[in-house]
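Beneath this line is the structure, given in structure tokens, with notes to follow.
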Amino acid sequence: SYQIEGGAHDDGRGPSIWDTFSHTPGTHWNGDTGDVAADHYHRLDADLDLMAELGLEAYRFSISWPRVQPGGRGDLNDKGVAFYSRLVDGLLARGIRPVATLYHWDLP
1 SYQIEGGAHD DGRGPSIWDT FSHTPGTHWN GDTGDVAADH YHRLDADLDL
51 MAELGLEAYR FSISWPRVQP GGRGDLNDKG VAFYSRLVDG LLARGIRPVA
101 TLYHWDLP
């Protein structure tokens, strides 16, 4: 999720271990971070349309736990849950099988 979603500071998403790492000087090339990445969070509908146009049969995505549960414990972020619901519903509406990865090195 970190490499594609972007929207690092939007709709209640909390910081992840990757945010901390990528904002630590000397840990990466050219000061790049995943704050924007491919901006999938904001381009969801256009990305889904492109996937359908390309004829994808399945799409593997990762859950960003800082988006779903920003503090790592406690209440869920309704806007984060809604994003993944829209993603899955959008994939299914286009005949694309969603394949969720529950953990890909992206913890709050």
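Under my numbering, think of the first position of the sequence shown as 1, with each following residue one higher.
Ideal Cβ positions, reconstructed from N, Cα and C, are used throughout, including at glycine.
In this text, all values refer to a predicted model and were calculated from it rather than measured experimentally.
From F83 to G12, what does the alpha carbon distance come to, in whole angstroms?
By one-based count along the sequence shown, residue 83 stands at place 83. By one-based count along the sequence shown, residue 12 stands at place 12. Distance between the alpha carbons of F83 and G12 is about 12 Å.
Roughly how many angstroms separate the alpha carbons of V68 and H42, rounded to a whole number?
Indexing the sequence shown from 1 puts residue 68 at position 68. Indexing the sequence shown from 1 puts residue 42 at position 42. Using only the alpha carbons, I get a separation of about 16 Å.
May I have the straight-line CA-CA distance separating A46 from T24, to the nearest angstrom?
Start at 1 with the first residue of the sequence shown, and residue 46 comes out as number 46. Start at 1 with the first residue of the sequence shown, and residue 24 comes out as number 24. When rounded, the distance between both Cα atoms is 32 Å.
Nearest residue (CA-CA) to L76, options R97, G14 and I4
On the sequence shown, residue 76 is found 76 positions in, with the first residue counted as 1. Nearest option by C-alpha distance: G14.
In whole angstroms, give me the CA-to-CA distance for L56 and L102.
The residue given as residue 56 occupies position 56 in the sequence shown. The residue given as residue 102 occupies position 102 in the sequence shown. Between L56 and L102, the C-alpha separation is close to 21 Å.
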